[in-house]
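Convert by adding 236 to the 1-based position in the sequence shown; the result is the number in my numbering.
Don't be surprised by glycine CBs; every beta carbon is placed ideally from N, CA and C.
Structure first, then comments.
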Amino acid sequence: MRESPSINILKILQQKGANIFYSDPYVPEYKVIQSFSLKSTEINEVNLKKMDCVLISTNHDIFDYDYIFEH
Numbered sequence: 237m238r239e240s241p242s243i244n245i246l247k248i249l250q251q252k253g254a255n256i257f258y259s260d261p262y263v264p265e266y267k268v269i270q271s272f273s274l275k276s277t278e279i280n281e282v283n284l285k286k287m288d289c290v291l292i293s294t295n296h297d298i299f300d301y302d303y304i305f306e307h
């Protein structure tokens, strides 16, 4: 995971003041430094409605893209 381009995207968004979440079925928690620690967020209707934007940077067969788009 440390070489994933997704990490760079998360860092940039955080530096610009975005409230960020991530979801990864294979990485339940990601901690780079003390001030940058995230826990994987469940993809469900309630969580998706809280978001202004959803960025999918890694393809996982476990995600239902039609469901994500719908909500």
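Per-residue DSSP class, three states only, for residue i
i: glutamate 265; result: strand
i: serine 242; result: helix
i: lysine 275; result: strand
Member of the options whose CA lies at the smallest distance from the CA of residue i
i: aspartate 302; options: Phe257, Tyr258, Glu281, Ser242; result: Glu281
i: glutamate 306; options: His296, Asp297, Ile279; result: Ile279
i: lysine 267; options: Ile243, Leu284, Asp288, Lys252; result: Ile243
i: alanine 254; options: His296, Asp297, Ile298, Lys286; result: Lys286
i: serine 259; options: Lys247, Ser276, Ile245, Gln251; result: Ser276
Outcome for residue i when other beta-carbon atoms lying within 10 angstroms are tallied against a minimum of 16
i: serine 293; result: exposed
Supposed contact pair residue j and residue i - C-beta distance, whole angstroms, cut 8 Å
i: proline 261; j: histidine 296; result: 6 Å
i: leucine 274; j: isoleucine 304; result: The Cβ separation is near 18 Å, so there is no contact.
DSSP bridge partner residues for residue i (one or two, in chain order)
i: tyrosine 258; result: Ser276
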